[in-house]
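*Asks:*
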Amino acid sequence: MSLNGIDISSHQTGIDLAKVPCDFVICKATEGVGYVNPDCGRAYAQGQKLGKKLGVYHFATGKSSGAKEAGFFLQNIRGYVGEALLALDWEADTISDTAWAKEWLDIVYQKSGVRPWIYMSESVANLYDWTDVAKDYRLWMAQYRSTQPAYQYDMRKAGTPGAVRRWPSIICWQWSDNGRLKGWNGALDMDVFYGERSTWDEMAKAAPARKSEAQIADEVIAGKW
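4 is the number of the first residue of the sequence shown in my numbering; add one for each residue after it.
Structure follows, in structure tokens:
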């Protein structure tokens, strides 16, 4: 079972999700420590009203610490926690800094109770050592086999996703950045989610985050154990 959907940013400002077919929509919410997508709230609310599965993501710049960017993201998406999937878009200049990405992911998980995804290209997934990240966080991978327009989720030219070294599988595949759907006059990112609607709900559900080994060690030293 799989779901078809799109991810959007301010480039798709005003998109009418009542006219564009999609099982899910993942909206860009924030970037760095100062940018909020001005159309995120509107698009999210419409998707919610239409019963779409929802997600929000943060575009990492790496210009501030992972902790600061995580805090900025959480501050701006707190109303979505428990309903939306959370994700880190990892494609800025600091793509080799896997520790930064893990810091962001860990903080978002600890503060929200939602285990976020990380988005990156196939090449980045295979170029760096993501062992510590892959243990806890699912991969949303971008890989395009064709640059030709893909109409109405027609994946005949999409091929299959390539293997990644650190993850046993991917949870979502962005297979085209040139998708074309009824109701929108322009290119869209096309994604396939490998799961059912109930799977999405489970991954978006907030649950108590387990403590890191470092946190447990600090508590032992402080005499709490």
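Heads up, the beta-carbon is just placed ideally off N, CA and C, and yes, glycines get one too.
Please read these numbers as outputs of a predicted model, since none were measured by experiment.
Answer yes or no: do D2 and Q15 have a C-beta to C-beta separation smaller than 9 Å?
*Replies:* No answer is possible for residue 2: it lies beyond the span of the chain, which begins at 4 and ends at 228.
*Asks:* If you follow the alpha helix (DSSP H) that I80 is part of, which residue opens it and which one closes it?
*Replies:* Run containing I80: G69 to I80, per the alpha helix (DSSP H) assignment.
*Asks:* Out of D132, N7 and V39, which one is the CA nearest neighbour of S13?
*Replies:* Comparing Cα positions, the closest option is V39.
*Asks:* Is the beta carbon of A166 sitting closer than 9 Å to the one on S179?
*Replies:* No, they are not a contact pair.
*Asks:* One question on the structure: do R169 and V136 come within less than 9 Å of each other, judged by their Cβ atoms?
*Replies:* Yes, Cβ-Cβ distance for R169 and V136 is below 9 Å.
*Asks:* So what's I18 in DSSP terms, helix, strand or just coil?
*Replies:* If DSSP states are grouped into helix, strand and coil, I18 belongs with coil.
*Asks:* Classify Q155 as buried or exposed, calling it buried when 16 or more other Cβ atoms lie within 10 Å of its own Cβ.
*Replies:* By the 10 Å Cβ count, Q155 comes out exposed.
*Asks:* So, does the stretch 83 to 93 touch the stretch 200 to 208, judging by three or more C-beta pairs under 8 Å?
*Replies:* Taking 8 Å as the limit for Cβ pairs, the verdict is that the stretch 200 to 208 does touch the stretch 83 to 93.
*Asks:* Count the other CB atoms within 10 Å of the CB of L20; is the residue buried (16 or more) or exposed (fewer)?
*Replies:* Counting Cβ neighbours within 10 Å, L20 comes out buried, since at least 16 surround it.
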